[in-house]
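One structure below.
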Amino acid sequence: MNVPENLKYTKDHEWLRIENNEAILGITDFAQAELGDIVFVEIETEGEKLEREEVFGTIEAVKTVSDMFMPVSGEVLEVNPKLEDNPDVINKDPYGDGWMIKISMDKPEELNNLLTADRYKELINA
Amino acid sequence: MINNKDTPFTIFHKELGARMISFAGFNMPIEYSGINNEHITVRERLGVFDVSHMGEFRIKGPHALEFVQRITTNDASLLFNGKVQYSCMPNGKGGIVDDLLVYRFNEETYLFIVNAANIEKDWNWCVTQAKEMGLKTGKDLINASDTMAQLAIQGPMAIKAMRKLTGYPVEDMEYYTFKEIEFAGIKDIIFSITGYTGAGGCEIYVKNENVSNLWQAILDAGEEFGIIPIGLAARDTLRLEMGFCLYGNDITEKTSPIEAGLGWITKFVDHKEFIDKEYFLKQKEEGVLRRLKGFEMLDRGIPRQHYEVVDIEGNLIGEVTSGTMSPMLKKGIGLAYLKKGFWQEDTEIFIRIRNKDLRARVVKPPFYKQ
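Going down the list, the sequences are from chains A and B. Numbering-wise (the working numbering), the first sequence opens with residue 11 and increments by one. Numbering-wise (the working numbering), the second sequence opens with residue 179 and increments by one.
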């Protein structure tokens, strides 16, 4: 299971790539494998300010629906435009082309709640 | 999963790296290579499913036909030796105990194929009914579920591939017929031109002790055609693309065959008395208040079981019983019970998905046409 060292992770199987006060967010390789073929992604919070742990969107595999939660408070600056027509890009490239949203972070101290790659590997027994 | 039963093929699923789940008390493969790939391979080529969890009851003796006629809705007197019939068992309260396949071997020997999740319930129901008719459990009525395995080989190339394993011209067999043949070196396999995918192919039944290398023999025979193993997840999307009912979702103890669009297997003929006949006849003559119908999404969204169906003003008019993204059509499809006045074809309805009412249209299944 691929868990890149340079990213931060959450218990909800999301990853964040942090640059200054912005973060790119997606779901992990483990998450996409568990979900199976992803067929629909609905994110309608672009431009909205959300609190940590609020739902920012929904991801649907053939058999399941899962909410996706904000790991940090902030504004949803951008949604990956590829997801509307090609949600399977998340299965193919979860840490690259399959990214989901770009966040502008309000509370940098919340980053302390995130997991390192090693801690996330422990969580998924990788 | 310690208390679950294995099928004779569970070891192969694990070897192949299938994602396993507990289903109806069995360790079953839900997915191998990915649900979309599995689904599309069955539509275009062929795949093999382990469906050994299904239940098998044998009905024997001089009262066998009378018993079958009494507890199922279809007209079993139309069966001939080697013929299969889709049917259902009413529960005496206007609902359905289970849907099933009825096989006729000869006038005194029938086989029921019932849903895995219902084996115990169906068996108890059959035993109760059999007693009233004087049939003896263990002699006239036998639960063979734990002794039989079943594989489904489905897809447009399935019969051609399986022909390699038998001397019998299975390509000449008619839909919904079966034959006991020698197959893959195993005597007395029941080879049945049936399935739950609408893609063509067959289902085969074999005694557990005779299974030997059957799984591998089928994979080897199908290799040149591109065979892959298929899990329960794709089995469900395949059946739903055809609009086939799934017990527990679309039909239950609380739905009648008339409401479910199964009037075509509910035969009101003078020579056949069956449980709930008068109740269903009344429903057929006077009409019902809701019906199971197919629908496709017009807006982007995936319907799911238990989602509400509403009209344009937001009034509740029904409930989704099965829904998915169709892997072939790439849009949301489903089955729903709809209130009278909303079930005509092309009626615009709305599926409430996460508090939004998304447009959908009533359509007549199959959703996918080959």
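Beta carbons: idealized from backbone N, C-alpha and C, even for Gly. Owing to the predicted nature of the structure, the values given are computational and were not obtained by experimental measurement.
Within chain B, the C-beta atoms nearer than 7 Å to that of residue 68 of chain A come from 532, in chain order. Taking the CA atoms as reference points, residue 356 of chain B sits about 44 Å from residue 488 of chain B.
Residue range 410-420 is occupied by the alpha helix (DSSP H) that includes residue 420 of chain B. By the criterion of at least three beta-carbon pairs nearer than 8 Å, the stretch 374-388 of chain B is in contact with the stretch 213-227 of chain B.
Residue burial is scored here from C-beta neighbours: residue 252 of chain B has at least 16 other C-beta atoms within 10 angstroms and is therefore classed as buried.
For residue 503 of chain B, the nearest beta carbon of chain A is closer than 8 Å to its own beta carbon. For residue 219 of chain B, the enclosing alpha helix (DSSP H) stretches over residues 213-222. Per DSSP, the unbroken alpha helix (DSSP H) holding residue 42 of chain A starts and ends at 39-45. Distance check between residue 437 of chain B and each of B:469, B:544, B:385 and B:227 places B:469 closest, using alpha-carbon atoms only. Under the 10 Å beta carbon count, residue 442 of chain B is surrounded by fewer than 16 other beta carbons and is classified as exposed. For residue 423 of chain B, the three-state secondary structure derived from DSSP is coil.
Collapsing the DSSP output to three states places residue 206 of chain B in a strand.
In the three-state reduction of the DSSP assignment, residue 118 of chain A falls in the helix class, which pools H, G and I. For a Cβ distance threshold of 8 Å, residue set 213, 214, 411, 415, 502, 503 and 505 of chain B lies close to residue 72 of chain A, ordered along the chain. In the three-state scheme derived from DSSP, where H, G and I count as helix and E and B as strand, residue 25 of chain A is classed as strand. Proximity of chain B to residue 50 of chain A at the Cβ level (cut-off 9 Å) is accounted for by 478, 479, 480, 503 and 510, in chain order. Any Cβ of chain A closer than 8 Å to the Cβ of residue 523 of chain B would place that residue at the interface, and such an atom is absent. Proximity of residue 419 of chain B to chain A, defined by a Cβ-Cβ separation below 8 Å, is not satisfied. Below the 9 Å Cβ cutoff, chain B contributes 197, 208, 209, 212, 213, 214 and 411 as neighbours of residue 46 of chain A, in chain order.
Taking 8 Å as the cut-off, the Cβ atoms of residue 113 of chain A and residue 87 of chain A count as close.
Put simply, the backbone Cα of residue 507 of chain B is about 45 Å away from that of residue 238 of chain B.
Separation of the CB atoms of residue 33 of chain A and residue 115 of chain A is rounded to 6 Å, and the pair is thereby assigned contact status at 8 Å. For the beta strand (DSSP E) assignment, the uninterrupted runs of no fewer than 3 residues enclosed by the stretch 54-89 of chain A are, from N- to C-terminal side, 65-71, 75-79 and 84-89.
Residue-level contact by beta carbon fails for residue 99 of chain A and chain B, as no gap is shorter than 8 Å.
Chain-order list of chain B residues neighbouring residue 89 of chain A: empty, with the shortest C-beta distance near 14 Å, by a criterion of under 8 Å.
In the three-state scheme derived from DSSP, where H, G and I count as helix and E and B as strand, residue 482 of chain B is classed as coil. Any Cβ of chain B closer than 8 Å to the Cβ of residue 75 of chain A would place that residue at the interface, and such an atom is present.
By the beta-carbon neighbour count (other beta carbons within 10 angstroms, threshold 16), residue 268 of chain B is buried. The DSSP-derived three-state label of residue 522 of chain B is coil. With 16 or more neighbouring CB atoms inside 10 Å of its own CB, residue 444 of chain B falls in the buried class. The C-alpha of residue 450 of chain B is placed about 43 Å away from the C-alpha of residue 213 of chain B.
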